[in-house]
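Trainee: This note's numbering puts the first residue of the sequence shown at 35, with every later residue one more than the last.
Even glycine gets a Cβ: it sits at the ideal position worked out from N, Cα and C.
All figures in this text were calculated on a predicted structure; none of them were measured in a lab.
Provided herewith is a single structure, encoded as structure tokens, for subsequent inquiry.
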Amino acid sequence: MNIVVIVLQILLGAAFLGSGFSKVTGNKMQVESFRALGLPQWFRVLTGLLQLAGAAALIAGFWLPSWLAWGALLLAVIMLGAVFFHVKAGDSFGKAVPALVLALLAAALLALRFSELSAFPG
35 MNIVVIVLQI
45 LLGAAFLGSG
55 FSKVTGNKMQ
65 VESFRALGLP
75 QWFRVLTGLL
85 QLAGAAALIA
95 GFWLPSWLAW
105 GALLLAVIML
115 GAVFFHVKAG
125 DSFGKAVPAL
135 VLALLAAALL
145 ALRFSELSAF
155 PG
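This is how it looks when you write it as structure tokens:
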């Protein structure tokens, strides 16, 4: 089970570092995506900062297991929010799939380390 946790931790950490950075720096695709969803640009920046925080928590989780659990929880909630906004905007299922997949992967990581939540912040 440990190898599954490590693989998910690395994949999700990398994905959210990239995604968060592109949102915070105002990547054109991200700006347009938030505009199409009817969301303000400050929300794009906030989302990016939260994604970066979640990715940082996953990285810290290599040394502090409770950080991994809380990071996975944060990222799962963010991505469930993304699915909600895609549905609310009337997007096709295909546009919501990446967010749904990332939410499920983060939730799986959380499930594998759920018992660590109570040990936070150590």
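With a threshold of 16 other CB atoms inside 10 Å of the CB of T59, please say whether the residue is buried or exposed.
Mentor: With fewer than 16 Cβ atoms within 10 Å of its Cβ, T59 is classed as exposed.
Trainee: As an exercise, report each continuous alpha helix (DSSP H) stretch of at least 4 residues that is fully enclosed by the stretch 55-79, in chain order.
Mentor: List check, alpha helix (DSSP H) in window: 62-70.
Trainee: Start and end of the alpha helix (DSSP H) containing A116?
Mentor: It spans P99 to K122 - the alpha helix (DSSP H) in which A116 sits, taken as one unbroken run.
Trainee: Consult DSSP for S126 and reduce its assignment to one of helix, strand or coil.
Mentor: S126: coil per DSSP, three-state reduction.
Trainee: Taking C-alpha atoms, which residue in F50, P99 and V135 lies nearest to E150?
Mentor: Nearest option by C-alpha distance: P99.
Trainee: Would you say the stretch 64-74 touches the stretch 95-112, given that touching needs at least three Cβ pairs under 8 Å?
Mentor: Contact between the stretch 64-74 and the stretch 95-112 is absent, because fewer than three Cβ pairs lie under 8 Å.
Trainee: Can you tell me the Cα-Cα spacing of A145 and Q75, whole angstroms?
Mentor: Looking at the two C-alpha atoms, the distance is approximately 32 Å.
Trainee: How would you call S152, buried or exposed, if buried means at least 16 neighbouring beta carbons within 10 angstroms?
Mentor: Per the 10 Å Cβ criterion, exposed.
Trainee: If we ignore side chains and look at the alpha-carbon of each, how far apart do G105 and V39 end up?
Mentor: Approximately 13 Å between the Cα atoms of the pair.
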